[in-house]
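Numbering follows the working numbering, in which position 126 of the sequence shown is assigned residue number 123; successive positions increment by one, without gaps.
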Amino acid sequence: MTDRIPLLEIRDLSHRFSDGTVALSEVSFSVEKGDFLIISGPNGSGKSVLMKHLNGLLSPTAGEIRLNGVSISRDLVSTRKKIGLVFQDADSQIIGQTVERDAAFGPENLRLPRAEVDRRVEKALKEVNLLGKKTARPHVLSGGEKRRLAVAGVLSMDPEIVIFDEPFSNLDYPGIRQVLQQLVYLHGKGHTLIVITHDLGKVLAHGTRLIIMGNGRIIEEGEPEELLSSLEKRGIRRPPGLKAAEMTWLK
Ligand SMILES: Nc1ncnc2c1ncn2[C@@H]1O[C@H](COP(=O)(O)OP(=O)(O)OP(=O)(O)O)[C@@H](O)[C@H]1O
Ligand SMILES: [Mg+2]
């Protein structure tokens, strides 16, 4: 028997909005360090509501979320440092006058010493390949670059987990490729990632685990490879967007 504590543990999480909508019902799963977890499911299945619970933007009606064994509701300020969210709308996350000012916003708010802020900004911009655009004004960036800047803003907080909500939405093909390469790179560097997307085909081959939600519940959970073949065996069609060429990794 092992009593090892997972990095993130979601236990019986339920959320009912005041209008009576039950958006999450008894959702339980855990995330280990180094995971690249993909959470997918149709529109309205509860993905974004789940994400908003993961850093305390919404509080559960029942259940709890533990980070390193401690309930996140105990210290939301600390939780928000440790769990970084990259929202769907990159523009709404950009606030600085220049790329480097923008990436510095988080660590400056933590009141870190200037040298540490500069070190983190440099590292984060390097990780998203935007060092060359340090002094650019964010509004001149392309859609993919803006999303990478939003990622840098989160990385500069030095989080333990980075969560992306629909990272591919509203991007053209080169933008999608950039963001996908970014995700694979960050995972390769040891970051723990949760990617929420209804666009399963784009990331599936890179994920280490997959959760499929439906009506606020987890309906499938497993390794992407195993899960996809089991879905296909049961006659569930291949996720939209997944091309035959991208299926070659399947046995
Ligand atoms: N503030 C709210 N008040 C009432 N119901 C809400 C609220 N926010 C979300 N919901 C409902 O909760 C359910 C889950 O919504 P959620 O945004 O999590 O879906 P999603 O899986 O992220 O969908 P999408 O793929 O469209 O982003 C939906 O039925 C939605 O209408
Ligand atoms: Mg959503």
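In this text, a Cβ means the ideal position worked out from N, Cα and C, and glycines have one as well. The structure presented is a predicted model; accordingly, all values stated were derived computationally and were not measured.
| query | Is F14 buried or exposed, if buried means 16 or more other CB atoms sit within 10 Å of its CB? | reply | Exposed: under 16 other Cβ atoms inside 10 Å.
| query | According to DSSP, is V200 helix, strand or coil? | reply | In the structure shown, V200 adopts helical secondary structure according to DSSP, grouped into three states.
| task | Say yes only if the C-beta of S45 is nearer than 7 Å to one or more non-hydrogen atoms of ligand 2, and no if none qualify. | result | Indeed, a heavy atom of ligand 2 lies less than 7 Å from the Cβ.
| What's the gap between the Cα of K240 and the Cα of D72? | Low per-residue confidence applies at K240: pLDDT is 47, beneath 50, and the placement is therefore not dependable, though the value from the model is reported in the following sentence. So the alpha carbons of these two residues sit roughly 44 Å apart.
| message | Here's the rule: buried if 16 or more other CB atoms are within 10 angstroms of the residue's CB, otherwise exposed. What is E113? | response | Around the beta-carbon of E113, fewer than 16 other beta-carbon atoms lie within 10 Å, marking it exposed.
| query | Less than 7 Å between the CB of D162 and some heavy atom of ligand 2, yes or no? | reply | Within the chosen limit of 7 Å, ligand 2 reaches the beta carbon of D162 through at least one heavy atom.
| When you compare each of I208, N212 and R145 to L183 by their alpha carbons, which one comes out closest? | Comparing Cα-Cα distances from L183 to each of I208, N212 and R145, the minimum goes to R145.
| Helix, strand or coil for A133 per DSSP? | Three-state DSSP puts A133 in coil, outside helix and strand.
| task | Drop a sphere of 10 angstroms on the beta-carbon of H136, count the other beta-carbons inside from all chains shown, and report buried for 16 or more, exposed for fewer. | result | Exposed, because fewer than 16 other Cβ atoms sit within 10 Å of the Cβ of H136.
| field | Distance CB(L82)-CB(I160) smaller than 8 Å | value | In this structure, L82 places its C-beta atom within 8 Å of the C-beta atom of I160.
| task | Could you check which residue in G17, L51 and S153 has the C-alpha nearest to that of K123? | result | For the residues G17, L51 and S153, the minimum Cα distance to K123 belongs to S153.
| query | Can you tell me whether DSSP reads E243 as helix, strand or coil? | reply | Residue confidence for E243 is low, a pLDDT of 41 falling below 50, so the modelled location carries little weight; the figure read from the coordinates is stated next. Residue state, collapsed to three classes: helix.
| Taking the alpha carbon of S27 as the point to measure from, which residue in V181, I215, G211 and E222 has its own alpha carbon closest? | The candidate whose alpha carbon is nearest that of S27 is I215.
| Supposed contact pair F102 and G150 - C-beta distance, whole angstroms, cut 8 Å | Rounded, the Cβ-Cβ distance is 6 Å, consistent with contact.
| Inter-residue spacing [alpha-carbon to alpha-carbon] between G219 and L34 | About 10 Å.
| query | Buried or exposed: V125, going by 16 or more other Cβ atoms within 10 Å of its Cβ? | reply | Label assigned to V125: buried.
| Counted within 10 angstroms of its Cβ, other Cβ atoms place A121 as buried (16 or more) or exposed | Classified as buried, A121 has 16 or more neighbouring CB atoms from the shown chains inside 10 Å of its CB.
| Taking DSSP as the reference, what is the three-state secondary structure of A160? | Per the sequence presented here, residue 160 reads as Ile, with Ala not at that position. In the structure shown, I160 sits in a strand (DSSP, three-state: E or B).
| query | Can you list, in chain order, the residues of its chain whose CB lies under 7 Å from that of L127, leaving out five sequence neighbours each side? | reply | Take L127, set aside five residues on each side of it, and the residues of its chain with a beta-carbon closer than 7 Å to its own are V96, E142, R145, L146 and A149, in chain order.
| Alpha-carbon spacing of M210 relative to D196, whole angstroms | Rounded to whole angstroms, M210 to D196 spans 13 Å at the Cα level.
| message | Once the 5 residues before and after E243 are set aside, which same chain residues still bring their CB inside 8 Å of it? | response | Legend: pLDDT at E243 = 41, less than 50; position of this residue unreliable, value from coordinates given subsequently. The beta carbon of E243 sits closer than 8 Å to the beta carbons of G198, L201 and A202 from its chain, once the five residues preceding and following it are set aside; these are given in chain order.
| Who pairs with F102 in a beta bridge, going by DSSP? | DSSP output for F102 lists no bridge partner at all.
| query | What are the start and end residues of the beta strand (DSSP E) that includes R8? | reply | Its beta strand (DSSP E) spans residues L5 to R13.
| M210 bridges to which residues according to DSSP? | In the DSSP secondary-structure assignment, M210 is bridged to I215.
| query | What is the DSSP secondary structure of E97, counted as helix, strand or coil? | reply | Secondary structure at E97: helix, using DSSP grouped into helix, strand and coil.
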